[in-house]
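In the numbering used here, the protein residues as written are 575 to 986. Step one of this worksheet: look at the structure below.
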Ligand code: HAM
């Protein structure tokens with residue numbers, strides 16, 4: 575019989591990666607709550623129009639990477655390719671703006687993009703991300719970039735580079751767009767096929783094309799920073815000032831434009847050179863126009879998302895938590911006592927292993943040895959009759975008789 579395998583571009587998270595996944599979740603939750611964020615969980619699929627309108631029709635994600643299908647009721651549905659549009663939809667739909675001035679959400683879960691799978695790039699991948707709605711201060715930009723850097727630091731990831739840029743508002747980008755078209759048009763034939771099309775649809779994207787000839791031609795392209803208005807420039811200067819105050823090393827990268835259309839003003843990415851072509855671990859920025867686009871509301875916003883698979887590739891292995899105690903019991907009548915004891919100890923968060931079948935002592939000791947436990951509790955008919963257990967300490971090679979209460983106290 576042919577064994578069914580996971581679909582191309584998807585991966586099971588198990589064993590060592592599962593330990594990393596839950597560790598990332600715990601570290602992120604602790605850190606985000608210190609910054610006042612609360613959890614949000616939105617549906618895995620949404621109406622296709624949400625992403626078309628939110629992310630932009632001329633982006634790679636919407637043009638060629640979405641998992642879109644008609645459901646049985648003939649509705650066009652898309653598996654979410656990212657989290658921002660859904661969080662904004664939930665925020666608008668639930669009128670959260672009427673309940674609080676500033677909202678801070680974090681999420682972690684699967685996203686779907688039909689990309690060519692390779693190391694660090696999957697079709698189903700996981701993001702951990704945050705969104706802040708209702709705050710326009712540049713201090714927020716600096717604070718959230720700082721938080722994202724601390725997240726990776728806390729996960730033990732080093733040699734990171736924070737890249738920042740400002741892409742201004744709509745007006746600035748319109749002006750810059752024309753300057754860029756004028757600059758690129760003479761080389762149009764030498765650009766890659768995608769970029770030849772992008773000159774018409776989304777010329778800013780030519781700036782972060784990875785094809786060598788495109789990179790060469792954009793090296794001396796005009797910088798978007800020169801097109802910023804005074805207000806936009808001041809905002810950007812404040813962000814940089816506060817990043818320095820927070821002690822975050824950053825590099826200004828005027829070619830950083832991001833792949834989704836909702837951004838304006840500050841954009842940033844944290845990159846590593848340890849993951850080959852998929853070096854962007856985390857990215858985000860300001861999206862002050864998205865709430866207007868989706869809900870006709872003038873509400874500023876800022877957020878980022880990190881690729882969990884990429885983080886896991888960069889992280890050291892998490893040592894598995896060892897079993898504390900192995901309960902070795904002998905004699906059919908002892909079973910109930912042993913199971914109840916395991917339950918009592920587990921309620922105290924003591925990690926217990928207990929076998930459901932009473933085998934010989936030799937087999938028990940083999941199992942205890944394999945689990946590398948610190949202690950074994952031995953219970954036979956005699957001990958049970960006396961209401962005691964024998965605790966064997968492997969490190970000190972000693973053993974003692976204890977009541978259950980004494981055992982719990984000792985192991986706690
Ligand atoms: P993004 O840059 O498209 O931004 O994705 C964020 C991160 O997700 C990337 O830096 C990368 O680590 C990871 N990622 C993206 N695609 C894949 C893939 N196919 N396989 C593995 N990892 C991948 C966003 O999604 C925005 N929603 C971020 C944001 C939040 N901006 C504002 N708020």
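Note that beta-carbon positions come from the ideal geometry of N, C-alpha and C, so glycine has one too.
Closer than 8 Å to a non-hydrogen atom of ligand 1 - does that hold for the CB of residue 854? Sequence index remark: in the chain shown, residue 854 carries index 280 (1-based). Yes, the Cβ of residue 854 comes within 8 Å of a heavy atom of ligand 1.
Pop quiz: residue 619 and residue 654 are said to be a contact at Cβ under 8 Å. What is the actual Cβ separation, rounded to whole angstroms? If you number the chain shown from 1, residue 619 lands on position 45. If you number the chain shown from 1, residue 654 lands on position 80. That pair is a contact at about 7 Å.
Going by the DSSP bridge assignment, what does residue 967 pair with across the sheet? The residue you call residue 967 lines up with position 393 of the chain shown. Answer by DSSP bridge pairing, in chain order: 949, 972.
Between the beta-carbon of residue 704 and the beta-carbon of residue 590, is there less than 9 Å? Residue numbering aside, residue 704 sits at position 130 when the chain shown is read from its first letter. Residue numbering aside, residue 590 sits at position 16 when the chain shown is read from its first letter. Contact: no.
Spatial distance of residue 563 from residue 870 (CA atoms): Lying outside 575 to 986, the shown extent of the chain, residue 563 is not represented and no answer is given.
Using only the heavy atoms of ligand 1, determine whether one of them is closer than 8 Å to the beta carbon of residue 701. As a working mapping, residue 701 is identified with position 127 in the chain shown. Indeed, a heavy atom of ligand 1 lies less than 8 Å from the Cβ.
For the stretch 716 to 723 against the stretch 904 to 923, are there 3 or more C-beta pairs whose distance is under 8 Å? no
In the DSSP output, which residue or residues are listed as bridge partners for residue 651? For the purposes of this step, residue 651 is identified with residue 77 of the chain shown, where counting begins at 1. Answer is 621, 643.
Put residue 828 into one of helix, strand or coil per three-state DSSP. To locate residue 828, count along the chain shown from 1; it is residue 254. In this structure, residue 828 counts as coil in the three-state DSSP scheme.
Closest to residue 973 by C-alpha separation, out of 949, 955, 979, 961, would be which residue? On the chain shown, position 399 is the one that residue 973 refers to. It is 949 whose Cα lies nearest to the Cα of residue 973.
Taking only the alpha-carbon atoms, compute the straight-line gap between residue 979 and residue 684 and give it to the nearest angstrom. Position 405 of the chain shown, counting from 1, holds the residue named residue 979. Position 110 of the chain shown, counting from 1, holds the residue named residue 684. Cα-Cα distance, rounded: 45 Å.
Contact check, residue 754 vs residue 795, beta carbons under 9 Å: Taking the chain shown and counting its residues from 1, the one referred to as residue 754 is at position 180. Taking the chain shown and counting its residues from 1, the one referred to as residue 795 is at position 221. In contact: residue 754 and residue 795 (Cβ atoms closer than 9 Å).
Paired residues, beta bridge with residue 722 - DSSP: As a working mapping, residue 722 is identified with position 148 in the chain shown. Partner(s): none; residue 722 has no beta bridge.
Quick one: grab the DSSP three-state call for residue 696. Position 122 of the chain shown, counting from 1, holds the residue named residue 696. Here residue 696 sits in coil by DSSP.
May I ask which residues mark the beginning and end of the beta strand (DSSP E) holding residue 738? Within the chain shown, residue 738 is the residue found at index 164, counting from 1. Residues 735 to 740.
Could you work out which residue in 844, 863, 848 is closest to residue 854 when comparing CA atoms only? To locate residue 854, count along the chain shown from 1; it is residue 280. Here the closest residue by C-alpha is 844.
Are the beta-carbon atoms belonging to residue 842 and residue 821 less than 9 Å from one another? For this step, residue 842 is matched to residue 268 along the chain shown. For this step, residue 821 is matched to residue 247 along the chain shown. No.
Which first and last residues belong to the alpha helix (DSSP H) in which residue 854 is found? One-based indexing of the chain shown puts residue 854 at position 280. Element bounds for residue 854: not the alpha helix (DSSP H) but the beta strand (DSSP E), 854 to 860.
Can you tell which of 767, 802, 779 has the C-alpha that lies nearest to the C-alpha of residue 749? Indexing the chain shown from 1 puts residue 749 at position 175. Selected option, being the one with the closest Cα: 802.
Alpha carbon of residue 931 to alpha carbon of residue 615, nearest angstrom: Locating residue 931 in the chain shown gives position 357, where the first residue counts as 1. Locating residue 615 in the chain shown gives position 41, where the first residue counts as 1. Going from the Cα of residue 931 to the Cα of residue 615 covers about 42 Å.
Kindly indicate if chain B contains any beta-carbon less than 9 Å away from that of residue 976. The chain inventory of the structure shown lacks chain B, comprising one protein chain alone.
Only counting the same chain, and skipping five residues up and downstream in sequence, which positions put a Cβ closer than 6 Å to that of residue 632? Translated into the one-based positions of the chain shown, residue 632 becomes position 58. Excluding residues within five positions, the ones whose Cβ falls inside 6 Å are 775, 776.
Three-state class that DSSP yields for residue 665 in the structure shown: For this step, residue 665 is matched to residue 91 along the chain shown. The answer is helix: DSSP assigns residue 665 an H, G or I state.
Can you find at least 3 beta carbon pairs, one from the stretch 764 to 775 and one from the stretch 784 to 795, that sit closer than 8 Å? yes
Give the C-beta separation of residue 898 and residue 985 to the nearest angstrom, bearing in mind that I take them to be a contact with Cβ-Cβ under 8 Å. Residue 898 sits at position 324 when you count from the first residue of the chain shown. Residue 985 sits at position 411 when you count from the first residue of the chain shown. At roughly 7 Å, the Cβ-Cβ gap stays under 8 Å, so residue 898 and residue 985 are in contact.
Check whether residue 682 and residue 629 have beta carbons under 9 Å apart: Position 108 of the chain shown, counted from the first residue, corresponds to residue 682. Position 55 of the chain shown, counted from the first residue, corresponds to residue 629. Going by C-beta atoms, residue 682 is not nearer than 9 Å to residue 629.
If you draw a straight line from the alpha carbon of residue 695 to that of residue 856, how long is it in whole angstroms? Taking the first residue of the chain shown as 1, we reach residue 695 at position 121. Taking the first residue of the chain shown as 1, we reach residue 856 at position 282. Cα-Cα distance, rounded: 13 Å.
Alpha carbons only, please: which of 969, 953, 971 is nearest the one belonging to residue 981? The residue labelled residue 981 in the question sits at position 407 within the chain shown. Comparing Cα-Cα distances from residue 981 to each of 969, 953, 971, the minimum goes to 953.
In angstroms with no decimal places, state the Cα-to-Cα distance between residue 944 and residue 938. Within the chain shown, numbered from 1, the residue matching residue 944 stands at position 370. Within the chain shown, numbered from 1, the residue matching residue 938 stands at position 364. Going by the C-alpha atoms only, they are around 10 Å apart.
Just the Cα atoms here: how many angstroms apart are residue 915 and residue 935? The sequence position of residue 915 within the chain shown is 341, counting from 1. The sequence position of residue 935 within the chain shown is 361, counting from 1. Whole-angstrom Cα-Cα distance: 18 Å.
Kindly indicate the opening and closing residues of the alpha helix (DSSP H) around residue 869. Locating residue 869 in the chain shown gives position 295, where the first residue counts as 1. Taken as a continuous stretch (DSSP letters only), the alpha helix (DSSP H) holding residue 869 covers 864 to 869.
May I ask which residues mark the beginning and end of the alpha helix (DSSP H) holding residue 814? Within the chain shown, numbered from 1, the residue matching residue 814 stands at position 240. Note, residue 814: alpha helix (DSSP H), 804 to 819.
Leaving aside the five residues before and after residue 810 along the sequence, list all residues of the same chain whose C-beta is less than 8 Å from its C-beta, in chain order. Start at 1 with the first residue of the chain shown, and residue 810 comes out as number 236. If we look at residue 810 and ignore the five residues flanking it on each side, its Cβ neighbours are 712, 740, 799, 802, 839, 840.
Just to confirm, are residue 875 and residue 865 a CB contact at a threshold of 9 Å? Residue mapping note: residue 875 aligns to position 301 of the chain shown, counting from 1. Residue mapping note: residue 865 aligns to position 291 of the chain shown, counting from 1. Yes, the Cβ-Cβ distance between residue 875 and residue 865 is below 9 Å.
Please work out which residues of its chain come closer than 8 Å, Cβ to Cβ, to residue 867, disregarding the five sequence neighbours upstream and downstream, and give them in chain order. As a first step, residue 867 must be located in the chain shown, where it is residue number 293. Excluding positions up to five away in sequence, the list reads 627, 628, 836.
When burial is assigned at 16 or more other CB atoms within 10 Å of the CB, is residue 825 buried or exposed? To locate residue 825, count along the chain shown from 1; it is residue 251. Looking at its Cβ environment, which holds fewer than 16 other Cβ atoms inside 10 Å, residue 825 is exposed.
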